[in-house]
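K.L.:
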Amino acid sequence: MRNSIAIIIAILVLVISFLSFTNAPFVARSYSTVKSGLGSVFGPVLSVASKPVSAVGGFFDSYFNLVGAKKENEELREKYEKLYVENQKLVETERENARLRKLLDFTQKRPNTMIAAGVIGEDLKNWFRCIIIDKGRKQNVRERMPVVTPRGIVGQVVEVDLWHAKVMVLNDTNSSIDVNVEGKNTRGLLEGTGQNTVKLKYVIKNDDIEIGDKLVTSGKDGIYPKGIPAGIVITANKNKAGIFADIDVMPYNNFRQLEEVLLIRK
């Protein structure tokens, strides 16, 4: 078989060599014919061989596109993070300005009756019930002074030194404030629980009170002036045993987030 192929190839070479000396145009046509025939035989092989090369090229194109997209995404993420931080700073600044505007408005309505103070710490032994403020005897702060914000009651001063004072907040278990239900004749004592909510005690089941009622100071406990907001009723259970209703109240202030307070001069 191999010998036959070799003979055929040799004959073709001789024929082409002979014709090249006798008829050049014919040679050109013959060469084209041979080339076409060889192309038809080997073309599919070359096409198949070229496909892996194209695939590799396409892979690298995709890879570099992904690398570029990843870099662009990282740059966009960095820009977003910077904008987010700047936005948060603006939001916090606006919140602080809003608090200060409320404090200013509150004090202007009550000239010469308020001492503004900043909250600088919490009592380490009773951190959820007492706060430390940056005003003391030097600024005429005295024990039993009511402490408020524009939202409502915070508590009362219980200890004073030269430059600082300690405030017992509304949800301290030792706190008790005489309050009225706003717009109604219902009255009770608002007592601290050590939790986020406080209890309204000594309200008879038949008294007019319901969820959503607002409580204000009555002015009858000798500490807090009348009419200061204290909290809002969130539960009012009149089905328990006994003559009094079981009432939970949410104070208007979040005592863990206070930054500025006002002390009321008596």
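Counting with the working numbering, you get residues 3 to 268 for the letters of the sequence shown. Note that beta-carbon positions come from the ideal geometry of N, C-alpha and C, so glycine has one too.
So what's K201 in DSSP terms, helix, strand or just coil?
P.N.:
If DSSP states are grouped into helix, strand and coil, K201 belongs with the strands.
K.L.:
Measure from the alpha carbon of Q158 to the alpha carbon of each residue in L172, V205, H166 and N255, then state which is nearest.
P.N.:
Of the listed residues, the one whose Cα sits closest to Q158 is L172.
K.L.:
When you compare each of T219, A232, I245 and I155 to Y204 by their alpha carbons, which one comes out closest?
P.N.:
Per the Cα distances, I245.
K.L.:
For V218 and Y226, I'd like the C-alpha separation in whole angstroms.
P.N.:
Cα to Cα, the separation comes out at about 10 Å.
K.L.:
Report yes if the CB atom of T199 is closer than 8 Å to the CB atom of V251, and no otherwise.
P.N.:
The answer is yes: Cβ separation under 8 Å.
K.L.:
Quick check: the Cα distance between K137 and W165, rounded to an integer number of angstroms?
P.N.:
When rounded, the distance between both Cα atoms is 5 Å.
K.L.:
Can you name the start and end residues of the beta strand (DSSP E) that V235 belongs to?
P.N.:
It spans P231 to N239 - the beta strand (DSSP E) in which V235 sits, taken as one unbroken run.
K.L.:
Can you check DSSP and say which residues form a bridge with R258?
P.N.:
BP columns for R258 are empty, so no partner.
K.L.:
Starting from N182 and walking both ways along the beta strand (DSSP E), at which residues does that stretch end?
P.N.:
Here the beta strand (DSSP E) through N182 covers S178 to V183.
K.L.:
Taking its Cβ as the centre, do 16 or more other Cβ atoms sit within 10 Å of L68, making it buried, or is it exposed?
P.N.:
Exposed.
K.L.:
Could you compute how far the alpha carbon of R139 sits from the alpha carbon of E161?
P.N.:
If you take the alpha carbons of R139 and E161, they lie about 10 Å apart.
K.L.:
List the endpoints of the continuous beta strand (DSSP E) containing P152.
P.N.:
Counting along the chain, P152 falls outside any beta strand (DSSP E), and DSSP gives it neither H nor E.
K.L.:
Since I133 contacts F257 with CB under 8 Å, what's their CB separation in whole angstroms?
P.N.:
Indeed they touch by this definition, with Cβ atoms about 7 Å apart.
K.L.:
Three-state secondary structure (DSSP) at A71?
P.N.:
A71 falls in the helix class under three-state DSSP.
K.L.:
Taking the CB atoms as reference points, tell me whether G154 and S177 lie closer together than 8 Å.
P.N.:
No, the Cβ-Cβ distance between G154 and S177 is not below 8 Å.
K.L.:
Using only alpha-carbon positions, find the residue among A119, R146, G196 and E80 that is nearest to P253.
P.N.:
Closest option to P253, Cα to Cα, is G196.
K.L.:
Do G123 and E262 have their beta-carbon atoms positioned less than 8 Å apart in this structure?
P.N.:
No, the pair does not count as a contact, with Cβ atoms beyond the cut-off.
K.L.:
For T115, I'd like the list of residues in its chain whose CB is within less than 7 Å of its CB, leaving aside the five on either flank, ordered along the chain.
P.N.:
Excluding positions up to five away in sequence, the list reads I266 and R267.
K.L.:
Run through DSSP, which three-state label would N169 get?
P.N.:
Asn is not the amino acid found at residue 169; the sequence shown has Val there. Looking at V169 - three-state DSSP - the assignment turns out to be strand.
K.L.:
By the 10 Å Cβ neighbour count, where 16 or more other Cβ atoms means buried, how is I236 classified, buried or exposed?
P.N.:
I236 is exposed by the Cβ-count criterion.
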